[in-house]
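K.L.:
Sharing a structure here in structure tokens format.
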Amino acid sequence: MAQPSSSHQRIKDESDEERLPVKTFSWLTNYNHVMQKLKSSHRNNEHVNRILRGLKDSFVAKVSQTNARKEVHQTFRSNRSNVKEGRGGPAMKFDGRVPTERRWVPDGMVRVYSVAALPIGLSAILKAKGNIVPDQHELLRLQDHGLGVIDLVGGFFFGNTWGPASMHVFLRGLLPKLFSHFAKSDPWVMSINKEDDEEIRTHQLPYVLLSRSGKTKFQAIKAEHPDGPHYLLIKSRSGAGWKESQIFIAPRQAIDENVYEL
């Protein structure tokens with residue numbers, strides 16, 4: 001007496017090619033089962049044919065969506081992009097996910113979120129007894145008068161090995177109104193280029209780099225011509241993120257309020 005064939009054997013007999021048992025995704029198993037059952041019992045039913053077409057389109061759509069997601073992820077796995085010196089550009093490094101605020105910082109570059117000049121002058125800053133560290137509202141006011149810049153999205157970049165001339169050009173690019181004021185008595189501040197480290201050392205800078213002293217005070221950096229390593233050292237407390245990193249400078253001579261409020 002012939003033994004009944006298994007479901008696996010029936011699948012093999014229906015085709016010249018050997019098929020593996022259906023052990024794939026659950027939705028594919030359901031799809032094959034429904035297709036075989038409906039085709040065998042309702043071959044001439046137009047209504048059922050419409051159902052079959054709908055099922056097929058539905059399952060194909062699932063595969064298409066999965067492939068589309070894979071393609072999108074592969075597209076966003078881009079290579080590193082260049083970041084402009086000074087103001088940060090929109091370049092990011094993607095690892096398959098879209099980061100919310102992380103941006104790739106090139107090796108040797110440092111990022112800060114604000115650069116500001118305190119117009120009261122170095123002498124008043126060193127003698128001040130109260131809190132003279134600007135808060136966010138005061139930083140915005142300095143920015144309105146051309147004495148500061150703030151960028152919490154991209155930030156500002158400088159090199160940790162830049163020379164004093166490059167750091168001077170970096171500040172000049174961010175604070176053009178302030179440096180135009182300096183140029184009235186020191187015209188050379190506008191002609192210095194990044195390569196002019198020897199030239200800039202023959203001049204006294206009209207400003208001084210400041211370092212935070214506690215939470216409420218500043219002290220002046222002793223370097224007459226601070227370079228990238230100096231700026232790196234004073235930008236923030238140890239371990240702070242870039243959104244806590246700032247650069248402050250002070251003009252050697254106070255700037256009258258009537259001048260910078262014009």
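Using the UniProt record's numbering, the first residue of the sequence shown is number 1, and each one after it goes up by one. Think of the CB as a built atom: it goes at the ideal place given N, C-alpha and C, for glycine as much as any other residue.
Quick check: residue 247 and residue 133, are their CB atoms within less than 9 Å of each other?
P.N.:
Result no, Cβ atoms of residue 247 and residue 133 do not sit closer than 9 Å.
K.L.:
With C-beta atoms as the reference, is residue 220 less than 9 Å away from residue 118?
P.N.:
In this structure, residue 118 does not lie closer than 9 Å to residue 220 by Cβ.
K.L.:
Unbroken alpha helix (DSSP H) runs of length 4 or more, entirely within the region 171-199: which are they?
P.N.:
Complete alpha helix (DSSP H) runs here, min 4: 176-182.
K.L.:
Put residue 214 into one of helix, strand or coil per three-state DSSP.
P.N.:
If DSSP states are grouped into helix, strand and coil, residue 214 belongs with coil.
K.L.:
Nearest by alpha-carbon distance to residue 192: which of 258, 170, 136 and 223 is it?
P.N.:
The candidate whose alpha carbon is nearest that of residue 192 is 170.
K.L.:
Do three or more CB pairs link the region 200-215 to the region 177-192 at distances below 8 Å?
P.N.:
Touching, per the Cβ criterion.
K.L.:
For residue 105 and residue 243, I'd like the C-alpha separation in whole angstroms.
P.N.:
Approximately 14 Å, taken between the alpha carbons.
K.L.:
Since residue 159 sits in a beta bridge, which residues does DSSP pair it with?
P.N.:
DSSP lists 109 as partners of residue 159.
K.L.:
Please name the residue, chosen from 165, 257 and 213, that lies closest to residue 195 on a Cα-to-Cα basis.
P.N.:
Nearest of 165, 257 and 213 to residue 195, Cα basis: 165.
K.L.:
Sort 168, 114, 146 and 140 by Cα distance to residue 153 and report the nearest one.
P.N.:
Nearest of 168, 114, 146 and 140 to residue 153, Cα basis: 114.
K.L.:
Taking 9 Å as the threshold (C-beta atoms), are residue 147 and residue 260 in contact?
P.N.:
In this structure, residue 147 lies closer than 9 Å to residue 260 by Cβ.
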